[in-house]
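Protein sequence lines, in the order shown, are assigned to chains R and Y. For the first sequence, this note's numbering assigns the number 1 to the initial residue and increments by one for each residue that follows. For the second sequence, this note's numbering assigns the number 1001 to the initial residue and increments by one for each residue that follows. Virtual Cβ for every residue (Gly too), placed ideally from N, Cα, C. No experiment lies behind these values; they were computed from the predicted model shown.
Number of protein chains: 2
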Amino acid sequence: MRLIHSLFKNKEDAFVAKARFVVGSSIKNEDILWATKFFAPDSFPFMDIEGKKIMVANALEYGRAKKEAKVDEVVSAEELTEQDENLPDSEKKGLYRRLFEKYGVDTLIVQPDFPAGIYKFLSENGIIFEFKTQLFPEREIKDAYEIADIAHAQRAMEEVFPMLVKILADADIHDGKVWYDGGYVTSEMLRLVFDTELMQRDCVCEATIIASGDQAADPHSIGTGPILANTLIVFDMFPRSRKKWYWSDMTRMVSKGKVSPEARKLYEAVYEAQLIGIDMVEPGVNFHDIHKSAAKHLETRGFKTGRDENGDPFGFFHSIGHGVGLEIHEMPFARKNQSNILKPGNVITIEPGLYYKGIGGARIEDTLFVTDNGNINFAKTPKELIELP
Amino acid sequence: MRLIHSLFKNKEDAFVAKARFVVGSSIKNEDILWATKFFAPDSFPFMDIEGKKIMVANALEYGRAKKEAKVDEVVSAEELTEQDENLPDSEKKGLYRRLFEKYGVDTLIVQPDFPAGIYKFLSENGIIFEFKTQLFPEREIKDAYEIADIAHAQRAMEEVFPMLVKILADADIHDGKVWYDGGYVTSEMLRLVFDTELMQRDCVCEATIIASGDQAADPHSIGTGPILANTLIVFDMFPRSRKKWYWSDMTRMVSKGKVSPEARKLYEAVYEAQLIGIDMVEPGVNFHDIHKSAAKHLETRGFKTGRDENGDPFGFFHSIGHGVGLEIHEMPFARKNQSNILKPGNVITIEPGLYYKGIGGARIEDTLFVTDNGNINFAKTPKELIELP
Chain R
1 MRLIHSLFKN
11 KEDAFVAKAR
21 FVVGSSIKNE
31 DILWATKFFA
41 PDSFPFMDIE
51 GKKIMVANAL
61 EYGRAKKEAK
71 VDEVVSAEEL
81 TEQDENLPDS
91 EKKGLYRRLF
101 EKYGVDTLIV
111 QPDFPAGIYK
121 FLSENGIIFE
131 FKTQLFPERE
141 IKDAYEIADI
151 AHAQRAMEEV
161 FPMLVKILAD
171 ADIHDGKVWY
181 DGGYVTSEML
191 RLVFDTELMQ
201 RDCVCEATII
211 ASGDQAADPH
221 SIGTGPILAN
231 TLIVFDMFPR
241 SRKKWYWSDM
251 TRMVSKGKVS
261 PEARKLYEAV
271 YEAQLIGIDM
281 VEPGVNFHDI
291 HKSAAKHLET
301 RGFKTGRDEN
311 GDPFGFFHSI
321 GHGVGLEIHE
331 MPFARKNQSN
341 ILKPGNVITI
351 EPGLYYKGIG
361 GARIEDTLFV
371 TDNGNINFAK
381 TPKELIELP
Chain Y
1001 MRLIHSLFKN
1011 KEDAFVAKAR
1021 FVVGSSIKNE
1031 DILWATKFFA
1041 PDSFPFMDIE
1051 GKKIMVANAL
1061 EYGRAKKEAK
1071 VDEVVSAEEL
1081 TEQDENLPDS
1091 EKKGLYRRLF
1101 EKYGVDTLIV
1111 QPDFPAGIYK
1121 FLSENGIIFE
1131 FKTQLFPERE
1141 IKDAYEIADI
1151 AHAQRAMEEV
1161 FPMLVKILAD
1171 ADIHDGKVWY
1181 DGGYVTSEML
1191 RLVFDTELMQ
1201 RDCVCEATII
1211 ASGDQAADPH
1221 SIGTGPILAN
1231 TLIVFDMFPR
1241 SRKKWYWSDM
1251 TRMVSKGKVS
1261 PEARKLYEAV
1271 YEAQLIGIDM
1281 VEPGVNFHDI
1291 HKSAAKHLET
1301 RGFKTGRDEN
1311 GDPFGFFHSI
1321 GHGVGLEIHE
1331 MPFARKNQSN
1341 ILKPGNVITI
1351 EPGLYYKGIG
1361 GARIEDTLFV
1371 TDNGNINFAK
1381 TPKELIELP
């Protein structure tokens, strides 16, 4: 039994427990949203003591938290804090002391992004801290509630993507650009249609990538200005459901007018690499090995990866995919130096890409659910290059 | 001159400087977005050494950061990190060591929400930390660039609010609810119209409050289900511009059908209190004094504040307002125990409210720009109760 020092002056022989601990708002901290399923704009404390979930709610949120939060106990902040209004910051101090006293907690397991101010105060007051890179590794295993919400975002996006294709289909080519309804079609205009239509389906989008020409060759460019005809157009779409706040992620390729033979080869190599990747997705496989297989295929097809004379990267220089959930990029990752063994219940993307200035960029991406013996693709949209006349 | 220990083994006699330091993404950390005006989804380090602004960008963002970030220097992360791929987490360590060496920094000023993992690592390696509640107090003084973006969000919302009023105007009252186009008008439906129309105007909305009846009496309820006729409907609208990511905030009151005399009195008292509040907004005034004046007026008009037998609050139990900027709630605040003296360049809300179960809720809110000798109201929409027949 450990001794608790200054924070628990009278509790030196109390039972002591370890708690996984988060302080955050469900807008900015996906762990607390996942752990409580409670959406609150203001920061609040949450702890998990060997599976027992406890959250603290202020007076304004207490009633709603009791009803909506999927936790074992909601503790009222007022019950824990000093009511003397002349003590400026005493509330918080009183709150933590009484919270940890109430549950006999002396050790907190936190993530590296835990607020340093609270860490410093509590460690100076005798609380022991353990850091863990992933506080809730369980988050990478999705349940039916989560899958349904990812499917909602996916379905909404697949209803709307054809509308963008139709705009391009109905348009004409003028001067190497795309002319529709009295003006040039721009990335911004297509993005506005997409984002607005998704909002109507209760999803929110940020930074939807609609990029053509050399912009498509830079995977961090979201695309600006007129869409260029006869080039590969990357549509990388990732709406977030506003029901339960889960994302989905899909990338498809379109062109207005025929693309060059080089661009078509780029596309084809990526298409093959993506199928190879998807084929490998099953429990027990190392995510990074999928990356390696896709990369090897692209290389075999003659597409090199490296840096040009300006130091800019070309080829396949991002990762094959990532987990998807309350964060658009979350565990599991396909990184080299991490444990990346896929498990049933993972939701991941497979998205190889190739990028060469002067030729363009190609990426194809699906979001997949890892089942007991393989995977299910959330996407129903065909992934052939849509070459519009 | 302080000595730097283990982190700078060979630099014991180097020039040492203090830096305000942030590590975050511009999505989740408004300080780094404000300081760099650079929008990046991934976390990056930024420091300010006596006004000199330095950010670190990874390979994918380096080129764009050089072009877009409003900083004095962009340092390439690759230049700072170990290139040996077998060192698993060495990059980050190498990065901070070389960054601080390069600029002779030994002391970091950080906010309490600074990541504890980095804090722990760096303090164990000889870096001195100073905590400051507001790292960039300058953020509360807005410039023309910021005002323009707040005005954009405000204008968009004022274009759309009348559309919601029109739906209610065109509707009929049935069974104490509001009937339109073959169904009952709900909070969700009005919110969807609002959020979608705002998206078309390049603004994003979350949790727009459209609440009637007793739901309006709970300022944390966003409103669900059918709108109730003959009750006060609170429209608390706060779009965020997607141009520069500034918010604006406005609350107006509507009813479908006449409201009770008690509800009308509630509204009128709030209306008067809001005018009293706005009248007081000028440099040198304590924001909390404005709160006190409004609260006093409401009390004089016979509206008490307290808690009912269930412990639920009633009356005027939130603050008179808050600063608005990259955060919807930011400095200055109207809190009792803080320095709250208004300054030219502040953007704040004035939003008294009254809430009584059985009668309903009323709140009126404007966003104001504090000028050299008074204030300018961003809102042009009249604030009379819109009592629709």
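Residue i versus residue j - alpha carbon distance
i, j, result
"R/Q111", "R/F21", "8 Å"
"R/F44", "Y/A1171", "41 Å"
"R/S90", "R/S248", "Legend: pLDDT at R/S90 = 38, less than 50; position of this residue unreliable, value from coordinates given subsequently. When rounded, the distance between both Cα atoms is 43 Å."
"R/T367", "R/K380", "10 Å"
"Y/G1302", "Y/S1293", "14 Å"
"Y/N992", "Y/E1282", "The requested residue 992 of chain Y does not occur in the structure, where chain Y is confined to residues 1001 to 1389."
"R/T305", "R/G183", "38 Å"
"Y/L1099", "R/K132", "26 Å"
"Y/V1285", "Y/R1335", "13 Å"
"R/A77", "R/M47", "14 Å"
"R/N337", "R/L275", "25 Å"
"Y/T1251", "Y/V1234", "7 Å"
"Y/F1129", "Y/Y1062", "28 Å"
"R/F194", "Y/A1040", "21 Å"
"Y/L1388", "Y/S1221", "23 Å"
"R/W390", "R/K166", "For residue 390 of chain R there is no data in the structure shown, the boundaries of chain R being 1 and 389."
"R/F314", "R/L298", "12 Å"
Exposed unless 16 or more other CB atoms sit within 10 angstroms - verdict on residue i
i, result
"Y/M1163", "exposed"
"Y/S1187", "buried"
"Y/K1256", "buried"
"Y/R1191", "buried"
"Y/T1224", "exposed"
"Y/P1137", "exposed"
"Y/N1310", "exposed"
"R/P219", "buried"
"R/R307", "exposed"
"R/S26", "buried"
"R/S390", "Since the first residue shown for chain R is 1 and the last is 389, residue 390 of chain R is missing from the structure and cannot be characterised."
"Y/I1376", "exposed"
"R/P261", "exposed"
"R/H174", "exposed"
Beta carbon proximity, residue i to chain R, threshold 8 Å
i, result
"Y/G1353", "no"
"Y/P1313", "yes"
"Y/I1109", "no"
"Y/L1095", "no"
"Y/M1199", "yes"
"Y/F1038", "no"
"Y/L1060", "yes"
"Y/R1252", "no"
"Y/V1234", "no"
"Y/A1116", "yes"
Contact with chain Y by residue i, beta-carbon distance below 8 Å
i, result
"R/R20", "no"
"R/D113", "yes"
"R/Y119", "yes"
"R/V185", "no"
"R/T367", "no"
"R/T349", "no"
"R/H152", "no"
"R/L388", "no"
"R/T196", "yes"
"R/A35", "no"
"R/H322", "no"
Check your understanding: Is there contact between the region 224-239 of chain R and the region 134-150 of chain R, where contact requires at least three CB pairs shorter than 8 Å?
Key -> no
Review point. Counting pairs of Cβ atoms below 8 Å between the region 356-370 of chain R and the region 260-280 of chain R, do you hit three or more?
Key: yes
Review point. Is it a yes or a no for the region 1068-1076 of chain Y touching the region 1037-1055 of chain Y, going by three-plus beta-carbon pairs under 8 Å?
Key: yes
Point to revise | Any alpha helix (DSSP H) of 4 or more consecutive residues that is wholly inside the region 1272-1320 of chain Y | key: 1287-1300
Check your understanding: So, do the region 1115-1127 of chain Y and the region 105-120 of chain R have three or more beta carbon pairs nearer to each other than 8 Å?
Key -> yes
**Study point:** Segments of 3+ residues assigned as beta strand (DSSP E) that fall wholly inside the region 1165-1237 of chain Y
**Key:** 1172-1174, 1177-1180, 1209-1211 and 1233-1237
Practice item. Please confirm if the region 1205-1215 of chain Y is in contact with the region 1344-1352 of chain Y, defined as three or more CB-CB distances below 8 Å between the two stretches. Key: no
Review point. Do the region 1193-1204 of chain Y and the region 195-206 of chain R make contact, defined as three or more Cβ pairs closer than 8 Å?
Key: yes
Exercise for review: Could you pull out every unbroken alpha helix (DSSP H) segment of at least 4 residues lying fully inside the region 35-70 of chain R, listed in chain order?
Suggested key: 59-68
Review point. What are the start and end residues of each continuous beta strand (DSSP E) run of 3 or more residues lying completely inside the region 1356-1384 of chain Y, in chain order?
Key: 1360-1363, 1366-1370 and 1375-1377
**Study point:** alpha helix (DSSP H) runs contained entirely in the region 97-157 of chain R, provided each spans 4 or more residues
**Key:** 116-124
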